[in-house]
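Going left to right, the sequence shown walks through residues 16 to 604 as the working numbering numbers them.
One structure is given below, encoded as structure tokens.
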Amino acid sequence: CQPPLCPTPPSRLFAMSDRLVMTKHNSVYPSAEDLEAVQAMVGQVECGLKVVSDWMNEQDFLRSAERPPSCTLRGVMRVGLVAKGLLLRDDLVLELVLLCRDTPTSSLLMMVTGKLSIELKCIANDEYTITPWSEEASIVVKRVTEPALTLTIHVTSPTVRQDADLKTTGETQSVIDPPDALDRQKCLAALASLRHAKWFQARATGLKSCVIVIRILRDLCTCVPAWSPLKGWALELLCEKAIGTCDRPLGPSEALRRVFECIASGILLQDGPGVLDPCERVPVDAMGYLTPQQREDVTMSAQKALRLTAFSQFYKVLGLERFPKGRDPGRYPMPAPPQKRPMEDEEEDSSPSKKKKLQKIPKKMDSEDKGLPQQSIILLKLNKMKPGLLYRLVSQTGPVHMPVFTMAVEIDGKTYEASGPSKRLAKLQVAQKVSRLGQSEENAGPILTKHGKNPVMELNELRRGLKYDLVSESGSSHVKSFVIEVEVDGQKYQGTGTSKKLAKANAALAALEQVLEQNAPLRKKRLPSLFSAGFAPPQGGAQGRGWGRGRGRGLNNSNGATAGDFIHQKSYVFWLCASPVTLHRFLCV
């Protein structure tokens with residue numbers, strides 16, 4: 016039966032250590048411009064080698080009547096730091112492996128170099144210098160512009176290893192190597208680097224925190240002399256063995272500490288178990304090249320790093336400054352509680368049985384009681400107004416240690432998006448964006464017509480006695496939607512709004528637009544002339560008749576019409592505009 020898994024410790028125990036490790040990782044990780052330059056250079060060289068391979072196949076076909084069984088150049092593969100994704104900020108050396116059908120020779124190396132230099136001038140926009148290096152069985156491609164990258168193309172063939180195995184077993188070779196063949200050990204090392212890259216991609220790339228720890232330890236090997244002999248394949252193999260043997264995923268700080276514990280236990284010492292190389296057919300110690308003094312120096316340095324970690328000095332191991340403490344009473348003083356009003360003197364209290372009053376303490380808001388940040392309050396308010404909102408993840412971009420999440424939410428048919436370093440922060444940004452848009456809509460002001468009037472009032476001036484009916488009411492108790500209808504000249508118009516007042520205004524506005532199009536502009540009333548010939552009333556005017564009922568009675572004349580009737584028939588504007596002397600003269604005529 017399987018042993019039970021170890022319980023996962025709370026993440027807060029390693030929060031500060033993880034923060035330190037990720038800060039160190041960000042400082043050694045290459046910039047985006049450097050990564051783009053690396054990808055561009057490697058891609059252009061790969062395309063150039065593909066063109067060279069096609070050209071060599073055509074030449075072989077022209078020389079022989081029958082097509083050769085396989086290509087002279089079988090392929091090009093990425094190895095080293097490029098294939099494993101372990102590049103650091105100052106790493107300017109890249110590696111590729113060019114596989115050949117037969118044992119590589121110096122003449123083949125010169126032919127590939129000459130043709131590749133011609134093709135790169137046609138393919139690449141940047142300027143490169145290409146140099147053959149027969150002693151190292153490789154071709155060196157250097158970039159002239161910044162960043163000054165160097166790409167080494169190792170030339171090898173699988174037949175080199177087959178011949179080496181035959182020599183080991185004592186069998187005779189079927190094919191004799193050409194006289195200008197390249198160095199066999201260099202070709203075997205290139206094949207080994209190809210096996211290392213494939214093993215790393217299969218075992219270490221998917222292991223949590225393994226790549227981050229290897230990058231940090233590679234920088235440590237550069238800065239600390241005691242660790243410099245461990246840089247390379249041995250370090251990668253050691254980290255994978257230490258982290259991969261744990262029965263649960265490890266965080267960055269836990270994984271780094273586990274590697275230190277593994278080295279401090281004496282695994283690298285001469286009497287230690289050592290680390291077996293999984294990419295070799297025979298048992299080989301991957302740390303066999305280390306001297307006894309180098310083994311002791313690395314072990315002692317790992318033990319010192321563990322002691323510093325145990326005493327909360329992990330920042331010294333990483334070469335960082337200490338982070339400020341989260342709670343500093345000097346910089347962040349705690350607010351004092353509100354003071355109560357002192358008790359009143361007994362002399363001022365006339366009634367001894369009356370209770371003495373205390374100063375009222377203002378009530379705290381819900382946000383103060385809960386201690387929630389402002390963004391969380393906005394999210395709670397939005398969920399209260401629109402219950403059942405569904406936030407979805409649109410995309411996730413950026414590197415593994417600095418991801419950027421984009422969340423979206425759909426409200427009333429509109430989609431709102433926002434980004435953040437985590438899903439929770441992106442969700443809060445979406446809620447804040449929706450709340451800002453809602454506030455701007457609420458502060459838009461009342462609905463007015465083009466004349467600056469309320470649409471309901473202006474419609475009542477043109478059509479009196481209109482009736483507004485509530486057609487429908489939908490939505491939850493928090494956010495409702497009303498539809499109100501009004502009938503004008505036999506045609507019905509509807510308006511929608513979050514309140515009945517707003518829906519009524521929208522319905523009146525819709526009806527008002529149609530009414531103004533159908534009707535001509537209203538004519539202004541013309542006031543009749545104040546004075547006629549002889550100051551006589553209009554011909555055929557009825558007695559006691561005026562604009563209002565019961566007006567202008569009590570001043571009779573010989574003709575039977577009162578002065579009040581006459582003045583009222585003309586306009587009572589005369590009463591408002593004329594002076595008292597004029598009125599007296601007019602009434603005495």
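Glycine residues also receive a C-beta, built at the ideal position from the N, C-alpha and C atoms.
Next on the checklist: On a Cα-Cα basis, can you pick out the residue from Leu-477, Gln-509 and Asp-504 that is closest to Tyr-483?
Outcome noted: Distances from the CA of Tyr-483 to each of Leu-477, Gln-509 and Asp-504 were compared; the closest alpha carbon is that of Gln-509.
Item to check | Collapsed DSSP secondary structure at Thr-464 in the structure displayed | outcome: coil
Next on the checklist: Tell me which residues share the same chain as Ile-154 and place their Cβ nearer than 6 Å to its Cβ, disregarding the 5 neighbours each side in the sequence.
Outcome noted: Thr-128, Pro-147 and Ile-168
Item to check | Enclosing alpha helix (DSSP H) for Trp-242 [first to last residue] | outcome: Element bounds for Trp-242: n/a, residue is neither H nor E.
Next on the checklist: Suppose the cutoff is 6 Å on Cβ atoms and the five residues either side in sequence are ignored; what does the same chain contact list for Gly-549 look like?
Outcome noted: Confidence is the limiting factor: at Gly-549 the pLDDT is only 44, short of 50, which leaves the residue's position unreliable and the question unanswerable from this model.
Item to check | Backbone secondary structure at Lys-416 - three-state DSSP | outcome: Note that residue 416 is His in the sequence shown, not Lys. DSSP places His-416 in coil when its eight states are reduced to three.
Checklist entry - Should Gly-63 be labelled buried (16 or more other beta-carbon atoms within 10 Å of its own) or exposed? => result buried
Checklist entry - How many whole angstroms separate the CB atoms of Pro-119 and Cys-202, which I take to be in contact at a CB cut-off of 8 Å? => result Going by Cβ atoms, the distance from Pro-119 to Cys-202 rounds to 7 Å, so yes, they are a contact pair.
Checklist entry - To the nearest whole angstrom, what separates the beta carbons of Val-226 and Gly-100, a pair I think is in contact under 8 Å? => result 6 Å
Checklist entry - Thinking just about the alpha-carbon of each residue, which of Leu-481, Arg-296 and Val-409 is nearest to the one in Arg-210? => result Arg-296
Next on the checklist: Give me the DSSP bridge partner(s) of Arg-158.
Outcome noted: Tyr-143
Checklist entry - How is the beta strand (DSSP E) around Asp-302 delimited, first residue to last? => result Rather than Asp, the amino acid found at residue 302 in this sequence is Met. Here Met-302 belongs to no beta strand (DSSP E), and DSSP marks it neither H nor E.
Next on the checklist: Less than 9 Å between the C-beta atoms of Ala-270 and Val-228, yes or no?
Outcome noted: yes
Item to check | Through-space distance from Ala-212 to Tyr-143, alpha-carbon basis | outcome: 26 Å
Next on the checklist: Within 10 Å of its beta-carbon, does Ala-418 have 16 or more other beta-carbons around it, so buried, or fewer, so exposed?
Outcome noted: Here residue 418 turns out to be Pro, not Ala, going by the sequence shown. By the 10 Å Cβ count, Pro-418 comes out exposed.
Checklist entry - What are the start and end residues of the beta strand (DSSP E) that includes Ala-325? => result Segment 307-325 is the alpha helix (DSSP H) holding Ala-325; no beta strand (DSSP E) there.
Checklist entry - Is it true that the CB of Met-56 sits closer than 9 Å to the CB of Val-159? => result no
Checklist entry - Which residue from Val-67, Ala-196 and Gly-90 puts its Cα closest to that of Ser-122? => result Ala-196
Item to check | Coarse secondary structure for Thr-220, derived from DSSP in three states | outcome: coil
Next on the checklist: Suppose you measure from the CA of Gln-285 to the CA of Ala-207; what does that come to, to the nearest Å?
Outcome noted: 25 Å
Item to check | Candidates Leu-235, Thr-260 and Cys-236, of which the one nearest Ala-219 by Cα | outcome: Thr-260
Checklist entry - Are Ser-42 and Arg-104 touching if we call contact CB-CB under 9 Å? => result yes
Checklist entry - Going by beta carbon distance, what residues of the same chain come within less than 8 Å of Pro-264, once the five residues before and after it are set aside? => result The residues are Lys-223 and Ser-224.
Item to check | Inter-residue Cα distance where the pair is Leu-524 and His-416 | outcome: 56 Å
Checklist entry - Which of helix, strand or coil does DSSP assign to Cys-236? => result The DSSP-derived three-state label of Cys-236 is helix.
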